[in-house]
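Here is the structure we will look at, set down as structure tokens.
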Amino acid sequence: MGRYYDLCAGDGFGADRPTFYDLMAEGWDNEMSSYKCGEKVGIMMCDRYYSDPDMCKPHESESGMPGTMNGEIGLSNKVTTVNIVFNHPYSATIYSREDCRGRSAWLKTDNSIAGSWTEYDNDSNELL
Ligand SMILES: [Ca+2]
Numbered sequence: 001m002g003r004y005y006d007l008c009a010g011d012g013f014g015a016d017r018p019t020f021y022d023l024m025a026e027g028w029d030n031e032m033s034s035y036k037c038g039e040k041v042g043i044m045m046c047d048r049y050y051s052d053p054d055m056c057k058p059h060e061s062e063s064g065m066p067g068t069m070n071g072e073i074g075l076s077n078k079v080t081t082v083n084i085v086f087n088h089p090y091s092a093t094i095y096s097r098e099d100c101r102g103r104s105a106w107l108k109t110d111n112s113i114a115g116s117w118t119e120y121d122n123d124s125n126e127l128l
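Reading the sequence shown from the start, the letters are residues 1 to 128 in this note's numbering.
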């Protein structure tokens, strides 16, 4: 295990208010290579700094829902900003490589019966 750094939910944290971290200010810009989320918080990472985190483009971002971890993220040594996000009741985290490694992203739905769950086919469906 290498160096580690805790990022915690801050004041006002909730479903509509994530906690934002600029890793340049924390001395961790382009240093992060893995994550582990607590049971009640998820993570949204971005390669670049945007004043509005929603502007982070899909190919510049990576995410994981509460309770997930990733030992080798796709944005290894690229992450510049992090948002600690609130739990979402109907969600899953998908990974581009075996053993929950590689590029990760969350999937969310509005309720437990929306859409359908199908088996992920790694041969015909390229992830991200
Ligand atoms: Ca970066």
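From the three backbone atoms N, C-alpha and C, an ideal C-beta is built for every residue, glycine too.
- Distances from the alpha-carbon of F20 to those of D110, V79, W106 put V79 closest.
- Classified as exposed, R17 has fewer than 16 neighbouring CB atoms from the shown chains inside 10 Å of its CB.
- If you look at L23, you'll find it isn't in any beta strand (DSSP E); it sits in the alpha helix (DSSP H) that goes 23-26.
- A straight line joining the alpha-carbon of Y90 with that of I84 spans about 18 Å.
- Residues S34, R101 of the same chain have their beta carbon placed closer than 7 Å to that of G71, with the five preceding and five following residues left out of the count.
- Relative to ligand 1, the beta carbon of K78 is positioned inside 7 Å of a heavy atom.
- Measuring C-alpha to C-alpha distances from A105 to each of N77, P53, M45 identifies M45 as the nearest.
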